[in-house]
Amino acid sequence: MANVYSTICPGCNFGCGLYVRENGKLEVDFRKSSPANAGKLCRFGMNLPRLYAPVKSMVDGKETTLQEAAKEAAKRLSGSKGSVAFLSFGNITCEEHLAFQKLAESSLYSGVDFEALPKDTYQTLSVGIPYDEIEAAKHIVLFIDPYEQYPLIVRRLLSAKKKGAKITSVWWKDMPLADENIRPADVSKLQLTKDSLVITDFHPLSDVEQIKNVLLLAKNAGARITFLKPFANSTGVYILSKDAKQKSLATLVEDINKGAIKTLFCLESDPVDLIPAETLGKLTNLIVQTGSASAITAKAHVVIAHEPLYKKRGTLINSEGRAQALGGAGTSGLEALGVIAGTKFEFDSLHESVRKALGIAAVDEFTIPKYDRPPYGAIQAAPKPIDTKTALVSIYNPFLWFGLADDNDFVELNLNTARALKLIKGATLKIKSNGSAIEKRFKVAPVQENVLLAGRKFGIEKGMLTPVEISR
Ligand code: SF4
133 MANVYSTICP GCNFGCGLYV RENGKLEVDF RKSSPANAGK LCRFGMNLPR LYAPVKSMVD
193 GKETTLQEAA KEAAKRLSGS KGSVAFLSFG NITCEEHLAF QKLAESSLYS GVDFEALPKD
253 TYQTLSVGIP YDEIEAAKHI VLFIDPYEQY PLIVRRLLSA KKKGAKITSV WWKDMPLADE
313 NIRPADVSKL QLTKDSLVIT DFHPLSDVEQ IKNVLLLAKN AGARITFLKP FANSTGVYIL
373 SKDAKQKSLA TLVEDINKGA IKTLFCLESD PVDLIPAETL GKLTNLIVQT GSASAITAKA
433 HVVIAHEPLY KKRGTLINSE GRAQALGGAG TSGLEALGVI AGTKFEFDSL HESVRKALGI
493 AAVDEFTIPK YDRPPYGAIQ AAPKPIDTKT ALVSIYNPFL WFGLADDNDF VELNLNTARA
553 LKLIKGATLK IKSNGSAIEK RFKVAPVQEN VLLAGRKFGI EKGMLTPVEI SR
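If you want our numbering, it's the position in the sequence shown, counting the first as 1, plus 132.
Right, here's the structure in full:
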């Protein structure tokens, strides 16, 4: 008989529920009762089995057991005390995160740049507002591409629109559901009121000055603001780490480059596309604990293979602060962390700490815990003017964050840009950046002139916005 798990899609922090069935191969089924998505899934959710590529515990390329790999990791970590970094983007359960935090002590890197943001904005950045409130808003302002980045929010936006909401999009491309489209460089034209609800996102590649600016715009207008996030339990990890010192990805790269960090422990986080290969190459030890194979497991000196997320026991918290229980029974992730920490992490006591932190007696996916949403104070924002010359803009979506190929090996560009270059249908576009050159197929779309939008990486990117030269 096939094993069926009631689980949550880890493609982003929207918290979509689904079933995963082990039936010789993995299959996905809809879970209509799921409160975040009412059973619907985006393309990533439908393709979820691709994410769960089997992985084996290894030490220096030799297969071993989870216990032995964890013991080896413990040895290497204690041998490099003072030069170790612990990285977790938030793809783990709340219970695992608490254990990881104890292990990481003061060397926890969650990827996002909390350090550069005022402390009184942390709660706003960590927990968003319930999706029902989005549906009831009068004016919604989007600083995201909902279709590409967080697809299940589209249903909520359409429902709000049906109830009379006006939707304004601040993006490089016109959004089909928007009543008003403003380009990011023209953000000064945006008119917010206390009836506006701003939807933006917060992730390891976020430009903090832009984040501060959006926080400031919302504050000045008395508008509400909510942050979506890319990893299954980003919200849970941020809430539970609110008193921990969390360092950013940029700090991690800097620390490795200057030799201050020699050993990196990645818990269910693949930074291969986010940290330059040259920087990763400087590490003496790369230790990876994960439930699925990816580019980072191929590079790691030690791989600790715990169960995939759908088999885990534990709690995830989505962007609106909804706590949801995973339907598995696996705790080998906790077991491995215990071996490394030289202790035994009991699920029940960690789970009790999670409930305490949320102020709830039990995890109930149908009731969102009450969160304080304290107002934040004055913010000094100095956003760099957004380059309006030719730029390649990478639209980070679930496939990109997880390094999975998608059927989008093209760029989108404006009709005038295509005409100016005399591009004809079926031709390719030459894109040059810092000495690298590529040729890509293109699609004409209502994109800002001289901007190329891409939903996958081509290897020439320098962050989310890369200045480029284009030609036929
Ligand atoms: S919207 Fe996010 S959580 Fe929902 S199915 Fe798509 S990737 Fe998964």
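Note that the Cβ used here is the ideal one computed from N, Cα and C, for glycine as well.
Note that this is a predicted model, so its numbers are computed, not measured.
About 15 Å separates the beta carbons of T325 and D311, which is beyond the 8 Å limit, so they are not a contact pair. Going by beta carbons, N450 and A168 fall inside the 7 Å limit. Nearest neighbour of I419 by Cα position, chosen from L180, V191, C148 and V152, turns out to be V191. A contact is defined here as three or more CB-CB pairs under 8 Å, and the segment 428-448 meets this definition with respect to the segment 134-143. For M178, the three-state secondary structure derived from DSSP is helix. Within the segment 357-430, the complete beta strand (DSSP E) segments of 3 residues or longer fall at 378-380, 395-399 and 417-422, listed in chain order. Distances between the C-beta of P362 and the heavy atoms of ligand 1 are all 6 Å or more. Membership of P530 in the alpha helix (DSSP H) is indicated by the continuous run P530 to W533. Around E497, the same chain offers G149, S166, P167, R454, A455, Q456 and A457 as residues with beta carbons nearer than 8 Å, after the five sequence neighbours per side are excluded. The three-state secondary structure of S481, taken from DSSP, is helix. In this structure, the C-beta of F531 stays at least 6 Å away from each heavy atom of ligand 1. When secondary structure is reduced to three states using DSSP, T225 falls in the coil class, being assigned neither helix nor strand.
In the displayed model, I299 falls within a strand according to three-state DSSP.
Given a length threshold of 4 residues, each whole run of the alpha helix (DSSP H) inside the segment 266-329 is given here in chain order: 278-281 and 285-294. In the displayed model, E593 falls within coil according to three-state DSSP, outside both helix and strand. At the C-beta level, F363 and G222 come within 7 Å of one another.
Sorted by position in the chain, C141, G143, C144, F146, C148, N169, L173, C174, F176, G177, Y282, P283, L284 and P530 make up the residues whose C-beta lies under 6 Å from a heavy atom of ligand 1. In terms of Cβ geometry, V330 and A297 do not form a close pair [threshold 7 Å].
Per the coordinates, the alpha-carbon of E341 lies some 17 Å from the alpha-carbon of L322. Using a C-beta cut-off of 8 Å, the segment 190-208 makes contact with the segment 417-436, since at least three inter-stretch Cβ pairs fall below that distance. Taking one beta carbon from each stretch, the segment 227-234 and the segment 335-350 have fewer than 3 pairs nearer than 8 Å; the two do not touch.
In this model, E280 and S464 are separated by some 34 Å (Cα to Cα). If you compare the alpha carbons of L469, V543, Y184 and L249 with that of Q378, the shortest gap goes to L249.
K521 and R551 have their C-alpha atoms roughly 17 Å apart. Put simply, the segment 191-204 does not touch the segment 401-417. Fewer than three CB pairs are less than 8 Å apart. T475 is not a Cβ neighbour of C226, given a cutoff of 7 Å.
Burial state of N155 is exposed, judged by a 10 Å Cβ sphere holding fewer than 16 other Cβ atoms. D333 carries a strand assignment under DSSP once its states are collapsed to helix, strand and coil.
In the three-state reduction of the DSSP assignment, A457 falls in the strand class, which pools E and B. Your pair W303 and D339 does not check out as a contact, with CB atoms roughly 15 Å apart and the cut at 8 Å.
The beta carbon of E571 lies closer than 6 Å to those of T560 and K562 in the same chain, with the five residues before and after it left out. One thing to note: S380 has its Cβ no nearer than 7 Å to the Cβ of D402. The Cβ neighbour count for K188, taken over all protein chains shown within 10 Å, is under 16; the residue is labelled exposed. Per DSSP, the beta-bridge partners of F574 are V543. Beta-bridge partners assigned by DSSP to I602: I563.
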